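To convert, note that position 11 of the sequence shown is -9 in our numbering; the numbers rise steadily by one, no gaps.
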Amino acid sequence: MGLTSACSGAAPRLHGLAAVLGRGVGCGSDSRKSRRPTEARCLVVEVRSKAALAMTTISCQACRTDFLVSHGGNPGAITRCPSCGASGLVVHIEVDDELAVAVHELVNVKKRVGARSPTEEIRTGDSFWRDQQRWIHLYRRIDRANDWYEEIVWDPETATVVHRCTEQLSKHRGADGAQRNRS
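Right, dumping it as structure tokens:
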């Protein structure tokens, strides 16, 4: 299986899962012109399935004898019951299936107070780290009113901080080292 993102229009398929998890689903935004913060959510559901053959048994309809076929054995090669010699055999195949579901959520909040650009932005939640091909947790706060930038990235599997940056926003340079023109 793979990744399903509610951001790409898959929200109707995920509403049943959201009811089970007790969470909201989808990407939504509140863009009405008011003084309350604008919030956008993105929910990603990762589903992995792994099936494995557990056991194969054969039953004789005449004498009701059950016998086990080894994992490498071919149940089609047995045509008669080894106990009574009858040809009426029933093959039972059991399959084990593992299903793993991981839910990743990212929330983006923007606060506007009379200005066109947001005065404060907060982005927190799970983000996919492409270099390492795994999920990490991100907390980023941009406060333009107080000239402050804060970003903390940590790996939830190892509980280690991968990146931490707290500094004045006017001094902050992005990941590529380029600073936007501020006029």
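For glycine and all other residues, C-beta sits at the position ideal for the given N, C-alpha and C.
These numbers come from a predicted model, not from an experiment.
Rounded to whole angstroms, what is the Cα-Cα separation between residue i and residue j?
i, j, result
"P98", "I132", "21 Å"
"V27", "A139", "23 Å"
"S175", "K30", "Only positions -19 to 163 of the chain appear in the structure, and residue 175 is not among them; the question remains open."
"E172", "V25", "Because residue 172 is not part of the residues shown, which for the chain are -19 to 163, the question remains open."
"G154", "V83", "28 Å"
"A80", "L48", "30 Å"
"C145", "K151", "11 Å"
"E147", "R103", "17 Å"
"V71", "F108", "45 Å"
"T59", "D76", "26 Å"
"L1", "L69", "With a pLDDT of 36 at L1, under the threshold of 50, the modelled position of that residue is not reliable, and the figure given next carries that caveat. Going by the C-alpha atoms only, they are around 45 Å apart."
"D127", "V87", "22 Å"
"V141", "H117", "10 Å"
"Y119", "R96", "24 Å"
"W134", "Q112", "13 Å"
"I122", "E137", "26 Å"
"G105", "W115", "10 Å"
Below 8 Å on the Cβ atoms is my guess for residue i versus residue j; work out the distance and round it to an integer in Å.
i, j, result
"K85", "R21", "First, the residue type needs correcting, since residue 85 is Glu and not Lys in the sequence shown. Correct: roughly 7 Å between the Cβ atoms."
"A125", "E101", "At roughly 11 Å, the Cβ-Cβ gap does not stay under 8 Å, so A125 and E101 are not in contact."
"T45", "S63", "5 Å"
"A42", "A57", "With a Cβ gap of about 20 Å, A42 and A57 do not count as contacting."
Count the other C-beta atoms from every protein chain shown that fall within 10 angstroms of the C-beta of residue i, then say buried if there are 16 or more, exposed otherwise.
i, result
"C61", "buried"
"K90", "buried"
"L23", "buried"
Check residue i in the structure and name its three-state DSSP category.
i, result
"A95", "coil"
"S14", "Unreliable positioning characterises S14 in this predicted model, as indicated by a pLDDT of 46, which lies under 50. A coordinate reading is not provided."
"A57", "helix"
"S67", "coil"
"V5", "The pLDDT assigned to V5 is 38, lower than 50, so where the model puts this residue is not dependable, and the model offers no usable value."
- request: May I have a chain-ordered list of the beta strand (DSSP E) segments no shorter than 3 residues that lie completely inside the region 68 to 141?
  value: Here the runs fully enclosed are 69 to 91, 100 to 109, 114 to 123, 128 to 135.
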